[in-house]
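Asker:
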Amino acid sequence: MSQAKTIWVNEQLDPAGLVYACIACCDAQHAQDCHTSFQENLTEHQKQEGWVARLRTVESWDDVPACALKLS
Numbered sequence: 015m016s017q018a019k020t021i022w023v024n025e026q027l028d029p030a031g032l033v034y035a036c037i038a039c040c041d042a043q044h045a046q047d048c049h050t051s052f053q054e055n056l057t058e059h060q061k062q063e064g065w066v067a068r069l070r071t072v073e074s075w076d077d078v079p080a081c082a083l084k085l086s
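My numbering puts the first residue of the sequence shown at 15, with every later residue one more than the last.
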């Protein structure tokens with residue numbers, strides 16, 4: 015039986031909660047770097063409107079949004 019692998023999912027969400035950008039990968043450091051970039055790329059105006067950058071983990075590629083850029 016194979017061991018579960020952590021998949022890191024970075025998302026930029028608009029004020030309505032819709033995914034604007036999404037990148038998924040299996041490398042924690044790469045994921046953190048991407049998350050930092052997503053946060054820094056949001057303007058103050060976007061943040062005030064409710065845009066957010068979110069980093070979360072899942073255990074299956076089936077749980078990654080279909081629109082994600084998937085990096086291995």
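For every residue, glycine included, the Cβ atom is placed at its ideal position computed from N, Cα and C. Every value quoted in this text rests on a predicted model; they were computed, and no experiment measured them.
Let me know the secondary structure DSSP gives GLU73 once reduced to three states.
Answerer: The answer is coil: DSSP assigns GLU73 none of H, G, I, E or B.
Asker: Work out the CA separation of HIS59 and THR50 for me, nearest whole Å.
Answerer: 18 Å
Asker: Going by beta-carbon coordinates alone, are LEU69 and CYS39 separated by less than 8 Å?
Answerer: no
Asker: Relative to the alpha-carbon of HIS44, which residue among ASP77, THR20 and PRO79 has its alpha-carbon at the smallest distance?
Answerer: THR20
Asker: Applying the criterion that 16 or more other CB atoms from any shown protein chain within 10 Å of the CB defines a buried residue, is CYS81 buried or exposed?
Answerer: exposed
Asker: Going by DSSP, name the residue or residues bridged to CYS48.
Answerer: In the DSSP output, where bridge partners are listed per residue, CYS48 has none listed.
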